[in-house]
Amino acid sequence: VSAAAERFDFFYFVQQWPGSYCDTWRGCCFPDSGKPAADFGIHGLWPNYAQCHGRYGLARAVLGDDAFFSIVGRRGRCWPQYCGGDYDDNALRPWEIRDLIASLERSWPTLSCKSGRSFEFWSYEWKKHGTCSNLEPHDYFARALALKAAHNLTAILAGAGIVPSATETYSVSSVSDAITQGTGFTANLDCNRDADGESQLYQVFMCVDREAKRLIDCPLHKRSKCSDQVKLPLF
Ligand code: 5GP
Ligand code: 5GP
Ligand code: 5GP
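Here it is, written out as structure tokens:
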């Protein structure tokens, strides 16, 4: 963990719909803890800068990402990452989050086929994003769990009639409105495609204050890859 306080503006609290991770051409694998519930799972809690398309936006568009980042480097990225470097001594240690492991298995399960151990997903997220959060590992993971519990996305969508289905499609604006109604704040939506190429809701980016305690309206809107109508596939 870096000694100096990391400057950033807000967190993206990112949750993934397991059905949409699993039904792409890549497929998925269930973790050692068993098939996760048909519920949004945590992907990560990511410190972010509010200025991304400002000063460097034009240069990035003109040069392309590779040339842009090789010239501008870290300053041009929209977020800090690997604040302690990508070293093993920054790895998460199980005892630091011992009392949270059962909740994390439920709320932050891995669906990657690289490893069935969700701990490896948490440890990767800690090293890449958590080390920039100015939080201790226990607070970092506890606050992510508290955010998920306080704003039950699956229930919020169901309350608006947006339920998992093999056939139904929903307008992105109805999904977005349901989240704004249910949480009081706008979120950013991220879509991917199922094996048949159909657009589906994959991730929801909620914006959170620097303490990782309260939702805020997103200061930065990611470019949406969602079609006007999206699916919420079964899991
Ligand atoms: P992707 O290319 O799949 O959108 O993102 C790949 C990785 O880049 C993510 O897993 C995450 O670690 C990082 N990333 C992508 N977008 C953002 C963002 O807006 N903020 C932060 N902090 N990280 C991001
Ligand atoms: P990654 O998985 O490499 O951390 O991030 C993937 C996404 O983040 C890419 O879609 C890219 O737009 C953006 N990104 C963030 N930082 C960099 C960087 O240093 N180089 C490149 N090429 N993309 C970056
Ligand atoms: P990011 O760089 O997008 O923050 O993190 C994604 C990395 O975590 C990828 O290397 C991916 O293989 C790994 N990972 C492990 N489990 C999961 C999962 O359930 N969902 C996603 N999106 N990535 C996962």
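Under my numbering, think of the first position of the sequence shown as 3, with each following residue one higher. Ideal Cβ placement from N, Cα and C applies to all residues, glycine included. Predicted model only: the values in this text are computed from it and were never measured.
Starting from the Cα of residue i, find the closest Cα among the options and give me that residue.
| i | options | result |
| --- | --- | --- |
| G43 | K233, P111, Q183 | P111 |
| I181 | H153, R145, E200, D141 | H153 |
| L2 | R9, C228, L191 | In the structure displayed, the chain extends from 3 to 237; residue 2 sits before or after that span and is not available. |
| K129 | R100, G87, D198, L60 | G87 |
| W19 | C220, K215, R216, L203 | L203 |
| A214 | L159, C228, A148 | A148 |
| S201 | D211, N92, A168, F187 | A168 |
| Q83 | G21, S135, R216, A162 | S135 |
| Y126 | E98, E138, N92 | N92 |
| G29 | K116, D68, F121 | K116 |
| G184 | Q205, T156, G199 | T156 |
So, are the CB atoms of residue i and residue j less than 8 Å apart?
| i | j | result |
| --- | --- | --- |
| V16 | F143 | no |
| C209 | T133 | no |
| H140 | G46 | no |
| A52 | P166 | no |
| V74 | A63 | no |
| K227 | C193 | yes |
| R145 | T26 | no |
| G161 | P33 | no |
Given that a residue counts as buried once 16 or more other Cβ atoms are within 10 Å of its Cβ, and exposed if not, what is residue i?
| i | result |
| --- | --- |
| R95 | exposed |
| I164 | buried |
| K150 | buried |
| V177 | buried |
| K233 | buried |
| L236 | exposed |
| E170 | exposed |
Within the continuous beta strand (DSSP E) that includes residue i, where are the two ends?
| i | result |
| --- | --- |
| H45 | 43-50 |
| F261 | Missing from the structure shown is residue 261; the chain here goes from 3 to 237 and no further. |
| D192 | 189-195 |
Pop quiz: residue i and residue j are said to be a contact at Cβ under 8 Å. What is the actual Cβ separation, rounded to whole angstroms?
| i | j | result |
| --- | --- | --- |
| S114 | C31 | 7 Å |
| W48 | W81 | 6 Å |
| H189 | C220 | The identity of residue 189 in the sequence shown is Ala, whereas the question assumes His. Right, the Cβ-Cβ distance comes to about 7 Å (below 8 Å), so this counts as a contact. |
| C35 | E107 | One detail in the question is off: residue 35 reads as Ser in this sequence, not Cys. Sure, about 4 Å apart at Cβ, within 8 Å. |
| S173 | D230 | 6 Å |
| F187 | L217 | 4 Å |
| N50 | Y14 | 5 Å |
| F70 | G78 | 6 Å |
What is the residue span of the alpha helix (DSSP H) that residue i lies within?
| i | result |
| --- | --- |
| C24 | 20-24 |
| L159 | 155-161 |
| Q183 | 174-185 |
| R108 | 103-109 |
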